[in-house]
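Beneath this line is the structure, given in structure tokens, with notes to follow.
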Amino acid sequence: MPKLDVQTAVLITLLGVAVALIGLVFLILAEWQVGLTLAALGIAAGALGYRACDS
Numbered sequence: 058m059p060k061l062d063v064q065t066a067v068l069i070t071l072l073g074v075a076v077a078l079i080g081l082v083f084l085i086l087a088e089w090q091v092g093l094t095l096a097a098l099g100i101a102a103g104a105l106g107y108r109a110c111d112s
């Protein structure tokens with residue numbers, strides 16, 4: 058796990074959550090490919106930031 062300071066980890070987590078929410082909006086609008094891609098990237102970034110903040 059990369060070592061990040063707390064502020065950077067929180068920022069990455071918040072950006073990941075925002076991207077995941079945008080992906081969900083695209084899924085609601087039936088744009089499946091874009092929505093799934095954004096949701097997956099957002100979840101991955103959010104998890105990375107959360108795990109870096111936890112350690």
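Per this note's numbering, the sequence shown runs over residues 58 to 112. Ideal Cβ positions, reconstructed from N, Cα and C, are used throughout, including at glycine.
{"query": "Specify the secondary structure class of Ala96 as computed by DSSP and reduced to three states.", "result": "helix"}
{"query": "Between the beta-carbon of Gly106 and the beta-carbon of Gly73, is there less than 8 Å?", "result": "yes"}
{"query": "Excluding the five sequence neighbours on either side, which residues of its own chain have a C-beta within less than 7 Å of the C-beta of Cys110, listed in chain order?", "result": "Val63, Ala66, Val67 and Thr70"}
{"query": "Could you pull the start and end residues of the alpha helix (DSSP H) that Ala77 belongs to?", "result": "Val63 to Ile85"}
{"query": "Short of 8 Å in beta carbon distance, which residues of its chain neighbour Ala101, apart from the five on each side in sequence? Order them along the chain.", "result": "Gly73"}
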